[in-house]
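Some notes on the structure that comes next.
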Amino acid sequence: MSVSGRIYLDNAATSWPKPDTVYQAMDRYNREIGAPVGRSSYREADKVQRTVETCRTQIAQLIGAASANRIIFTYSGTDSLNLAIQGLVRPNDHVVTTQLEHNSVLRPLRYLQEHCQVDVTRVAADRQGQISAEQVMAAIRPETRLVIVNHVSNVIGSIQPVAEIGKACRDRNCLYLVDAAQSFGHLPVDVQEFQCDLLAAPGHKGLCGPTGTGLLYVRSELEHELRPLRFGGTGTISETDQQPSTMPDRFESGNHNAVGLFGLAAGVRHVTELGISQIQAHVMQLGTHLQQRLETFSQVTTYGCAQDWVRTGVVSLNVAGYDARELAALLDSAARIQARAGFHCAPGAHQTIGTDQMGGTLRLSWSEFNSTEDLDRVLEIFEQIG
């Protein structure tokens, strides 16, 4: 959908536009409510608390969590991943991850390697961006503390066998963290099926909420092993200077991003009411249309498995004779088509697909708010420059 003349195809970075109900909820909070989360008992504060807890409950239901208190609200997907990684990994531990991970995983691990003697194994993907459960199993050692896998690549949309990997981790008694940044809200996500101990996601992508929101699912009892990274007021047990031990208060110190959570609540409600299957069907219809048209362009190279990127609405490509950043600038100047070029904060993914020496890729990422006309406009530009 073209909004104000823009064709927005950067939804893997953040979704836009949002449903109107998201804007309305945030405006209502700012203009009419303005109370903090969990700190008072007057009418507006009660409304805030009920809205936030309803959002927590709906998220828990969407991912199959046993209870709403397993959901911790954070300030981004990066915040969630840092809490999970730095809160669990101890000096001299071993961690298994993949070459496809985002820097939100790679950089905390690099810090732990350099400062806490943590050993990290990065499992390689094939040229289609696939990781096998067998590869992960082979990398797990008796001292492995944590396995981290990106459900969907933010570069090429490849989908990993997270349920198979989860079973391998459960069988080997090591903790398992799934990064659902590009899947939650786009694909079915079920923590019971995945057998994961933790699942991290932003609120501003597939869930249609605003930036400044995120979540971390933590399985029952694991909170006693997970160290908070932030301490302070929670609005509960205020008579002591000890951090609460209960979920989710233990990890939600400081005033919440209340206006953001109002927006997230509206976004989650939108996704729940519309249904992830319907959202995915629209994304796949657009992806199939794009794939069929791109196959006719000899100068265009796409990366990864088409079956995956069609399902996830994320494709990386290059056009012969053009640097990816040059191509992105051309699309914007010619038709206000907005896409991202470069390495997309995932350097290992570009090593996998062989674009690390080419300046990365142009990434197109569409959503339920896009149309076939939006993608056809991109293809028209490719025809003109071909």
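Residue numbers (my numbering): 48 to 433.
Note that CB positions come from ideal geometry on N, CA and C, so glycine has one too.
For residue i, the first and last residue of its enclosing alpha helix (DSSP H)
i: Y158; result: 150 to 163
i: G259; result: Element bounds for G259: n/a, residue is neither H nor E.
i: G348; result: Note on residue identity: the sequence assigns Thr, not Gly, to residue 348. Not the alpha helix (DSSP H): T348 falls in the beta strand (DSSP E), residues 347 to 349.
i: T98; result: 90 to 110
Beta-carbon proximity check, residue i vs residue j, cutoff 8 Å
i: A228; j: G124; result: yes
i: I187; j: R219; result: yes
i: L422; j: A388; result: no
i: I323; j: P235; result: yes
i: N129; j: P155; result: yes
i: N201; j: T145; result: no
i: N365; j: T402; result: yes
i: Q290; j: F309; result: no
i: D226; j: V136; result: no
i: Q327; j: H233; result: yes
Nearest residue (CA-CA) to residue i, options the options
i: V54; options: S380, T287, V143; result: The amino acid at residue 54 is misidentified as Val; the sequence shows Ile. Considering only alpha carbons, the answer is S380.
i: R297; options: L308, T283, I80; result: T283
i: N77; options: Q338, G307, N129; result: G307
i: I212; options: F241, A376, T121, A393; result: F241
i: G250; options: D74, F120, T68; result: F120
i: D370; options: V361, Q339, Q404; result: Q404
i: A367; options: T349, P295, G259, K94; result: T349
i: R169; options: V69, R358, M184; result: M184
i: R340; options: T98, R372, A112, R424; result: R424
i: G280; options: T293, S300, E286; result: S300
i: R372; options: G407, G360, A396, Q338; result: G407
i: G395; options: E268, S345, E420, A171; result: A171
i: S230; options: E427, L109, D126; result: L109
Residue interval of the beta strand (DSSP E) (run including residue i)
i: G134; result: No beta strand (DSSP E) holds G134; the alpha helix (DSSP H) holding it covers 124 to 135.
i: D226; result: 222 to 226
i: R169; result: 166 to 170
i: S62; result: Note, S62: premise wrong, no beta strand (DSSP E); not H, not E.
i: H141; result: 141 to 145
i: I326; result: Here I326 belongs to no beta strand (DSSP E); instead the alpha helix (DSSP H) covers 323 to 341.
i: I54; result: 53 to 55
Close-in-space but distant-in-sequence residues of the same chain around residue i (CB under 8 Å, 5 per side omitted)
i: P66; result: C255, A313, G314, H317
i: R217; result: Y223, Q242
Contacting residues, own chain, Cβ-Cβ under 6 Å from residue i (five flanking each side not counted)
i: C392; result: H149, N150
i: L411; result: L56, V362, A386
Close beta carbons around residue i, own chain, < 7 Å, minus the five adjacent residues each side
i: V167; result: V142, T144, L156, Q160
i: A131; result: L224, L245, A247, L263
i: C163; result: P138
The region 313 to 322 / the region 252 to 262 touching (three or more Cβ pairs under 8 Å): yes
Using 8 Å as the Cβ pair cut-off and three pairs as the minimum, do the region 414 to 433 and the region 86 to 96 touch? Three or more beta-carbon pairs separated by less than 8 Å are not found between the region 414 to 433 and the region 86 to 96, which leaves the two stretches without contact.
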